[in-house]
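Undergrad: Per this note's numbering, the very first residue in the sequence shown carries number 2; after that it's consecutive.
Positions of the beta carbon are idealized from the N, C-alpha and C atoms, including for glycine.
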Amino acid sequence: MAALFGRNDEHLVQIERLLDVKLRYRGNHLEIAGTAEVREIAERAIECLYRRLTDGHDINQGEVQAAVRMSAVGDSEKVVIRTKRRHISSRSPTQTNYIMALETHKLVFGLGPAGTGKTYLAVAKAVQNLLQGDVDRIILSRPAVEAGERLGFLPGDLQEKINPYLRPLYDALYDMLPADQVANRLISGEIEVAPLAFMRGRTLANSVIILDEAQNTTPVQMKMFLTRLGEGSRMAVTGDLSQVDLPRGARSGLRDAVGILTGVEGVAVVSFTDTDVVRHPLVTRIVKAYNATDVRRQ
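(1) Work out the CA separation of I16 and F6 for me, nearest whole Å.
(2) By alpha-carbon positions, which one of R8, A43 and A127 ends up nearest to T84?
(3) So D241 packs on Q216, CB below 8 Å; how close in whole Å?
(4) Tell me where the alpha helix (DSSP H) around G7 begins and ends.
(5) Assign R25 to one of three DSSP states: helix, strand, or coil.
(6) Three Cβ pairs or more, each shorter than 8 Å: is that satisfied between the segment 52-72 and the segment 224-239?
(7) Identify which residue in V279, S243 and A125 has its Cα closest to the Cα of P94.
(8) Between the alpha carbons of G267 and V221, how many angstroms are there, rounded?
(9) Can you list, in chain order, the residues of its chain with a C-beta nearer than 6 Å to that of G118? Leave out the 5 residues immediately preceding and following it.
(10) Residue range of the beta strand (DSSP E) that T120 falls in?
(11) Going by DSSP, what residue range makes up the beta strand (DSSP E) through M236?
(12) What is the rounded straight-line gap between the Cα of V22 and the Cα of L170?
(13) Classify E32 as helix, strand or coil using the three-state DSSP reduction.
(14) Report the partner residues of S272 according to the DSSP bridge assignment.
(15) Starting from the N-terminal side, write out each stretch of the beta strand (DSSP E) that is 3 residues or longer and does not extend beyond the segment 42-116.
(16) Looking at T218 and G190, is the spacing between their C-beta atoms short of 8 Å?
Next comes the structure, spelled out in structure tokens:
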């Protein structure tokens with residue numbers, strides 16, 4: 002119960018704040034005070050967290066927030082991705098739909114703000130596919146739009162210049178696999194992390210191919226990337242259409258592709274919102290504040 006309630010009852014305090022309920026306990030007896038609707042949500046959330054503990058997993062603020070979010074829509078069932086280093090559970094109904102789409106579709110577009118798990122879950126699913134022997138390789142890619150003309154001023158060879166833009170993809174890999182396995186698989190070619198330009202002219206078979214920050218592709222680049230799909234492969238394309246860094250007036254290849262391919266057999270489009278942000282609770286409030294400001298400025 003101490004683990005369930007949290008240090009200094011921080012988990013209970015978080016549930017109270019999120020749901021506007023009052024939680025009181027004596028020993029192992031917990032009372033929930035509030036309207037009938039929020040009492041039911043709180044009860045489902047607490048039961049979900051308790052099951053997580055009895056399954057041998059820890060609880061943190063993110064898990065508490067996820068349990069409340071899932072319970073609020075009457076769905077406390079999570080989808081779990083298992084990798085060498087951790088088991089990743091969906092933390093929102095949209096994440097559940099996204100993981101299911103990654104399992105059942107050859108091409109999945111994950112759209113939405115930072116912190117919703119679009120790329121992280123795609124990498125986790127790719128690692129699971131690799132470990133299970135469903136695919137032979139993982140290819141992770143990003144457009145290095147921010148580099149532009151400044152790339153030549155950075156120290157090192159081309160790979161060293163590009164690596165800072167690919168760092169988030171490496172970070173996700175190290176969360177899923179031990180460091181020595183990441184290094185060995187990078188050397189063997191089982192895992193490849195490369196800028197988008199390196200994809201031209203290739204056909205990628207028996208692979209999971211992920212394109213991150215896809216809002217910064219042009220339509221020509223996006224078409225080039227999508228047509229790399231080979232036999233036995235699947236793709237995930239992630240991006241935030243509110244954060245396009247292309248030159249003013251240039252059309253985003255991600256926006257273009259979603260408009261063209263929505264409804265095509267084998268293609269899924271999953272849209273996240275600021276309510277799906279699963280980072281620190283403050284990040285959710287920051288995203289909401291910026292979105293509200295953007296709306297007022299339009």
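TA: The relevant details are as follows:
(1) 10 Å
(2) A127
(3) 6 Å
(4) No alpha helix (DSSP H) holds G7; DSSP gives it neither H nor E.
(5) strand
(6) no
(7) V279
(8) 21 Å
(9) Q96 and V279
(10) Taken as a continuous stretch (DSSP letters only), T120 belongs to no beta strand (DSSP E), being part of the alpha helix (DSSP H) at K119 to L132.
(11) R235 to G240
(12) 39 Å
(13) strand
(14) L112
(15) 81-83, 88-90 and 108-112
(16) no
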